[in-house]
Each structure stands twice: as C-alpha cells, then as structure tokens.
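See below for the structure under consideration.
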Amino acid sequence: MYNIPILSTDKKLNQKVCDLLLKSEGTKVFPVILKTTQQYIDLLNVDMPELVFLNFSDTNFEAFDILNTIIQDPWLLHSGIIGLCENDKEISKIDNIRGTNIVVVIKVEELENNLSKIISIIDNNRRIIFQ
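If you're matching positions, the sequence shown starts at 59 in our numbering and goes up one per residue.
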C-alpha cells in the first residue's frame, strides 16, 4: 500500500477521488488530502511520493504556481503528477508546459470512467514510469 497525496480544497471532488481509489481493484493505494500549497510542497520534499494528484481547477490556490515551483526544484521532480481539470482550456495550458513529470491530465467529469484504469496502468508500469 502506498499514499497518493491529493492537493484540492474541493470536498466533493476529494470524496469522489478517494472513493474511486479505494474501489480500484488490484491497487493498494491510500489517498491523503492536502489543503494547502505548503503541505503539498513539504510532503513532496519529505515523503517523495511516486504519484500525486493536483487539482488545476481549484480556485483556492494557483496550481500552475505550484507546478512552476516543482519545475524549478529538481528535488521535487520525482513525483508523477495526475492533473485534474474542469475544462479543455486548463488541459491545453498544461500541455504547453515542459519539464514536468505529468503522467496524465484528466477531466473531473471523466474520473468515474477512467481513474481505475489509469491507476492500474500506472501500477503495472511503475518500473518504467518511475525510474
């Protein structure tokens, strides 16, 4: 079992992600909800998780600033990022950013149909993805 930090202040989204992660067959993940940028950066520095969620649609913090912090600090680049977005504009903006370890960007509306499969693919290919 491993922890997957989630940076999001959206309680409904957090609950949905947690429920889907805990229901995923064959995976042993434990979601950890973080509500501040500092908690997120501290956790990346100390725990060095392989995989993290970042809610780019959250209005309570600027996810793109966090992404820039990660890019500027090589110590933080080890975590694969699953980006959560509400719209195509955010996805397009993320696609134009280079130098990150974004594994996948997914629309919130597609979580229910795709998250279990995404986690399964990542788990099955973790040696390749996280080397």
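All C-beta atoms in this analysis are idealised placements derived from N, C-alpha and C, irrespective of residue type, glycine included. On a predicted model such as this, the values are computed, not experimentally measured, just so you know.
Can you check whether the CB of residue j is closer than 9 Å to the CB of residue i?
i: V87; j: L80; result: yes
i: S82; j: L173; result: yes
i: L112; j: L142; result: yes
i: I128; j: L102; result: yes
i: V163; j: I177; result: no
i: L78; j: L169; result: yes
i: K165; j: I155; result: no
So the beta strand (DSSP E) residue i belongs to, where does it begin and stop?
i: F88; result: V87 to L92
i: I64; result: Y60 to L65
i: F122; result: Careful: F122 lies outside any beta strand (DSSP E), inside the alpha helix (DSSP H) at A121 to Q130.
i: V163; result: I160 to K165
Can you find the residues in the same chain that come closer than 8 Å, C-beta to C-beta, to residue i, ignoring five residues on each side of it along the sequence?
i: F119; result: L65, T67, T94 and T95
i: P107; result: Y60, N61, I62, P63, L101 and S137
Tell me residue i's beta-bridge partners as DSSP assigns them.
i: F111; result: I64 and I140
Leaving out five residues on either side along the sequence, give the residues of the same chain with a beta carbon under 7 Å from the beta carbon of residue i.
i: I139; result: V110, L112, T158, N159, I160 and V161
i: V104; result: none
So the candidates are the options; which of them puts its Cα closest to the Cα of residue i?
i: N171; options: F122, Q130, K69 and K74; result: K74
i: D123; options: K165, D77, L78 and Y98; result: Y98
i: T117; options: P132, Q130, K69 and C76; result: K69
i: E167; options: D146, I179 and N183; result: D146
i: L71; options: E144, K175 and N183; result: E144
I'd like the span of the alpha helix (DSSP H) that includes residue i, first residue to last.
i: E170; result: L169 to N182
i: N103; result: T95 to V104
i: I152; result: D146 to D153
i: N72; result: K69 to K81
Tell me which same chain residues have a C-beta within less than 6 Å of the C-beta of residue i, skipping the five on either side of it?
i: A121; result: L112 and F114
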